[in-house]
Each structure stands twice: as C-alpha cells, then as structure tokens.
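>
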Amino acid sequence: MQLGLLVAVVFLSSMDLTGSSKVVKGKRQRRISTELSQGCARGCDLCSEFNGCLRCSPKLFILLERNDIRQIGICLPSCPLGYFGLRNTDMNKCIKCKIENCESCFSRNFCTKCKEGLYLHKGRCYVTCPEGYAAANGTMECSSPAQCEMSEWGPWGPCSKKRKLCGFKKGNEDRTRRILQAPSGDVSLCPATTEVRRCTVQKNQCPEGEQIPPHHPSHTLQSSGTSSQPIVQCHKCAVQLLTPLKCWGYG
0 MQLGLLVAVV FLSSMDLTGS SKVVKGKRQR RISTELSQGC ARGCDLCSEF
50 NGCLRCSPKL FILLERNDIR QIGICLPSCP LGYFGLRNTD MNKCIKCKIE
100 NCESCFSRNF CTKCKEGLYL HKGRCYVTCP EGYAAANGTM ECSSPAQCEM
150 SEWGPWGPCS KKRKLCGFKK GNEDRTRRIL QAPSGDVSLC PATTEVRRCT
200 VQKNQCPEGE QIPPHHPSHT LQSSGTSSQP IVQCHKCAVQ LLTPLKCWGY
250 G
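0 is the number of the first residue of the sequence shown in numbering that gives the first Met the number 0; add one for each residue after it.
Below you can see the structure in the form of structure tokens.
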C-alpha cells in the first residue's frame, strides 16, 4: 500500500514539473517576442536591434538597406527611386531596379523613368533615341518612329571624278532628294538626301573631224545652285586628214 502511494506521489510530481516547464517556456517566448517588438518604428510589427524591422504592417513595403555586413529593414508607404513595389500575401517588398541609369521601374527589368538627361525607349535608357525614333512632344521618351516626308529622287547626275568629266574611266554619280517635312523640325532625324554610286565614263561621239580633248578645262562640272551640269565641247581634230574621220574621247 505504501509502495503504491509512493508511485502516485512521484507521478504527480513529474506532471507538475512538466507543466511548470511549459509555463516557463511560454513566458520566455512571450518575453522574447515582447523584447523584439519593443521600440519598433511606426508601421513595423516586428523588429530587432541588430536588423531593424523584420515585418511591416500589411499595407507598407519593407526596404532592406545594407549597412556594412548587416541588412537594416525599414517600412515605407511606397518604394523610393530605383526600386519597385512587389506585393504578396507574406509581406510587401521593395525590389531594386536592374536597368542601368533607371530612376523608376515597373519590374526588375523594365524601366519607366530614366535619370535626368537620358531617353527612355522600350524599358531601357539611352543617351540618344535609337535610329529611326524621336522623343515625342518634347518628352524624354522615344515613343514613336520618326516620320519624315521626303521628295522623290531626282535623276542621276553625270559620271565624274574630282569634279572632272575627262581623263578617267571610272567615277561616281549621285542623285538627290529634298526633305519636305521633318518631325519636330529636326532634319537630323530624316534619312539621307544624297545617294552616290560608282559609274563608268561614257565615250561621247563627236562629229567628223572633231574630238573632245582629254583634260580640257571645259571638261569640269559647273555648279548651278544644288545641281551640277557637265560642259562638253567638241573641238577640231589636231591632225587634218584628206579624208574626214570620226574621232572621240572620254567625255
């Protein structure tokens, strides 16, 4: 009988110790949680002295700033320049933009506003708008292709070399067109107005007994406004033969 009573006392004592340890553990956890939350900044639900805020209020964003080897968390109503807000059920976060020279972004790899002096085009930042694009309505966004109204190409000019028409077989010829209307009045956004290609000098046929003397001063291009006109003249052959012959030269 005494043995059974002793066993019962030991059992009850062990249960009391177990319950007491649970109570102590619960009090310790509550004390740790209270210590973490004490002194938190406004809008922060959980913080620590070493890492700042660990969890923000549901409507705020947490921004992690590096301080030497530590990351300090702060709570903000919106993300600062160079970051975008990412909302989720766990916690809203500020994520850093990865686009170079980006001031504000929609996602990690898509910029919505570049730093001052740079142009925005398809989520990237450029020093100037890409070829064929222009900043619309005085903004810094290359949003629309540059539209230039051009005239038709004019006829090909004479085959020449160093503004001469004689003394060579190969040269260049060009043709031109005009800019009728440029976007925002900036002609630099329009395509080229001059086109050049290689050509072969044609042999000009002269009447009987005449020729085009090579390197004659008259065989140069005479400029008139924006166009150049060749001056081609035939001269009497230097050697007069009894029978008139046709002679020619490169014109």
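Note that the Cβ used here is the ideal one computed from N, Cα and C, for glycine as well.
Here the structure is a predicted model, which is why all the values come from computation and not from measurement.
1) Roughly how far, in whole angstroms, is the beta-carbon of C141 from the beta-carbon of Y132, given that I think they are within contact range, below 8 Å?
2) Do G72 and G51 have their C-beta atoms closer together than 9 Å?
3) Name, in chain order, the residues that DSSP records as bridge partners for R174.
4) Once the 5 residues before and after T192 are set aside, which same chain residues still bring their CB inside 7 Å of it?
5) Out of curiosity, what's the CA-to-CA distance linking A181 and C189?
6) Checking the sheet assignment: what are the DSSP bridge partners for E140?
7) So, for G153: in the same chain, excluding its five sequence neighbours on each side, which residues have a beta-carbon less than 7 Å away from its beta-carbon?
8) What does S187 pair with, by DSSP beta-bridge criteria?
9) Buried or exposed for I68, please, with buried defined as at least 16 other CB atoms from any protein chain shown within 10 angstroms of its CB.
10) Figure out for me which residue from K112, L59, G122, Q70 has the closest Cα to the Cα of N78.
11) Expressed to the nearest angstrom, what Euclidean distance is found between the alpha-carbon atoms of K121 and E172?
Based on what the coordinates show:
1) The distance from the Cβ of C141 to that of Y132 is about 4 Å, consistent with a contact at the 8 Å cut-off.
2) In contact: G72 and G51 (Cβ atoms closer than 9 Å).
3) According to DSSP, R174 bridges with E194.
4) Cβ-Cβ distances below 7 Å link T192 to T175, R176, R177, I178 in the same chain, with the five nearest sequence neighbours on each side left out; the list follows chain order.
5) The alpha-carbon atoms of A181 and C189 are separated by roughly 7 Å.
6) Answer is L119.
7) So the list reads R174, T175, R176, once near-sequence residues are dropped.
8) Answer is none; S187 lacks a bridge partner.
9) Burial call: exposed.
10) Going by the sequence as given, residue 78 is Cys instead of Asn. Across the set K112, L59, G122, Q70, the C-alpha of L59 shows the shortest separation from the C-alpha of C78.
11) One alpha carbon belongs to K121, the other to E172, and they sit about 40 Å apart.
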